[in-house]
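Chains as they are written, first to last, in the numbering used here: chain A, 1136 to 1253; chain B, 158 to 271. Note that CB positions come from ideal geometry on N, CA and C, so glycine has one too. Report on one structure; see the data block that follows.
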Amino acid sequence: AQKVTQAQTEISVVEKEDVTLDCVYETRDTTYYLFWYKQPPSGELVFLIRRNSFDEQNEISGRYSWNFQKSTSSFNFTITASQVVDSAVYFCALSVPDYGGSQGNLIFGKGTKLSVKP
Amino acid sequence: DGGITQSPKYLFRKEGQNVTLSCEQNLNHDAMYWYRQDPGQGLRLIYYSQIVNDFQKGDIAEGYSVSREKKESFPLTVTSAQKNPTAFYLCASSIVSGPSYEQYFGPGTRLTVT
Chain A
1136 AQKVTQAQTE ISVVEKEDVT LDCVYETRDT TYYLFWYKQP PSGELVFLIR
1186 RNSFDEQNEI SGRYSWNFQK STSSFNFTIT ASQVVDSAVY FCALSVPDYG
1236 GSQGNLIFGK GTKLSVKP
Chain B
158 DGGITQSPKY LFRKEGQNVT LSCEQNLNHD AMYWYRQDPG QGLRLIYYSQ
208 IVNDFQKGDI AEGYSVSREK KESFPLTVTS AQKNPTAFYL CASSIVSGPS
258 YEQYFGPGTR LTVT
């Protein structure tokens, strides 16, 4: 079975603090893809990153960084020096080939609501 | 600007009425998707379409119907058979259907049924 767990329901930090959002996934497929999306209060999901199962290199994009560890089935997301504009719900998602008879369907975690206070 | 539009942003209906949610994209994407989001929950897939005139049920298709007559459009009808229709509905698209392709989302429609 495929599953994504985001154990942190809500996190509150003060501006400029670093914060890590956890994501643990389950799949028996050896080929899979992991995603992070941001959902600001406006509601629209914004794509942040995609990683495939064969590439465990960590990635950094400005204040954002992602740590992919197959040994622990985790794909954690860190925001450095958080800002108020980072306040949003963040979703981790998994996609595997041929899930439910089709490709490309995303399996979402329940999301982590991040509040960054000034 | 390319993107996905959903209208209206807020929709109110009486119980027992069918309602159709609009989704249009000008990204020239082949694949389109409908998700439902409930408070504190992740997104759950209702229907998806890999190509025009084809669509498949997702995890929670009961009480919903779709059509895909044009590449740009993928409307969702919430029928009276849907027991808990009040939710936030998100439409998405991707270049093609495949696990490596990111999906792009519209702004969503918040449906309230009383």
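{"query": "Which of helix, strand or coil DSSP assigns to GLY1236 (chain A)", "result": "For GLY1236 (chain A), the pLDDT reaches just 48, beneath the cut-off of 50, and the residue's location in the model is therefore unreliable, although a value from the coordinates is still provided. Coil."}
{"query": "Within-8 Å CB hit, GLU181 (chain B) to chain A", "result": "no"}
{"query": "Beta-carbon separation (whole angstroms), SER1217 (chain A) vs GLU1150 (chain A), contact threshold 8 Å", "result": "6 Å"}
{"query": "As assigned by DSSP and simplified to three states, the class of THR1207 (chain A)", "result": "helix"}
{"query": "Any 3 or more C-beta pairs closer than 8 Å across the segment 1151 to 1160 of chain A and the segment 1178 to 1192 of chain A", "result": "no"}
{"query": "ASP187 (chain B), DSSP secondary structure in three states", "result": "coil"}
{"query": "Where ASP1221 (chain A) falls, given that 16 or more other Cβ within 10 Å makes a residue buried", "result": "buried"}
{"query": "Candidates B:ASN183, B:LEU184 and B:TRP191, of which the one nearest THR177 (chain B) by Cα", "result": "B:TRP191"}
{"query": "ILE203 (chain B): CB within 7 Å of a non-hydrogen atom of the ligand HEM", "result": "What this structure holds is no ligand at all, so the ligand HEM is not there to describe."}
{"query": "C-alpha distance - GLU219 (chain B) paired with GLU226 (chain B), whole-angstrom precision", "result": "21 Å"}
{"query": "GLN198 (chain B): contacting residues in chain A (beta-carbon distance under 9 Å)", "result": "PHE1243, LYS1245 and GLY1246"}
{"query": "Short Cβ contact (8 Å threshold) for TYR246 (chain B) with THR266 (chain B)", "result": "yes"}
{"query": "Same chain, Cβ closer than 6 Å to SER257 (chain B), five either side skipped, listed in chain order", "result": "none"}
{"query": "Length-filtered (3 minimum) beta strand (DSSP E) runs lying within the segment 188 to 232 of chain B", "result": "188 to 194, 200 to 208, 211 to 214 and 221 to 223"}
{"query": "Three-way DSSP call (helix, strand, coil) for TRP1220 (chain A) in this model", "result": "Sequence inspection shows Val at residue 1220 (chain A); the Trp mentioned does not correspond to that position. Helix, per DSSP."}
{"query": "Span separating the alpha-carbon of GLY1236 (chain A) from that of GLY255 (chain B)", "result": "Its pLDDT being 48, under 50, GLY1236 (chain A) is placed unreliably by the model, and the measurement read from it follows with that caveat. Approximately 12 Å, taken between the alpha carbons."}
{"query": "Proximity of GLN260 (chain B) and LEU1169 (chain A) at Cβ, strictly below 8 Å", "result": "no"}
{"query": "PHE245 (chain B): contacting residues in chain A (beta-carbon distance under 9 Å)", "result": "GLY1178"}
{"query": "Given PRO264 (chain B) as reference, the closest of A:SER1200, A:PRO1176, A:PHE1226 and A:PRO1253 once Cα atoms are compared", "result": "A:PRO1176"}
{"query": "Paired residues, beta bridge with LEU1169 (chain A) - DSSP", "result": "A:ARG1186 and A:LEU1229"}
{"query": "First through last residue of the beta strand (DSSP E) which encompasses TYR167 (chain B)", "result": "167 to 170"}
{"query": "Whole-angstrom C-beta distance between THR1215 (chain A) and SER1196 (chain A), which should lie under 8 Å", "result": "So it is not a contact: roughly 11 Å between Cβ atoms."}
{"query": "Residue of B:GLN207, B:GLU172 and B:CYS180 minimising C-alpha distance to ASP187 (chain B)", "result": "B:GLN207"}
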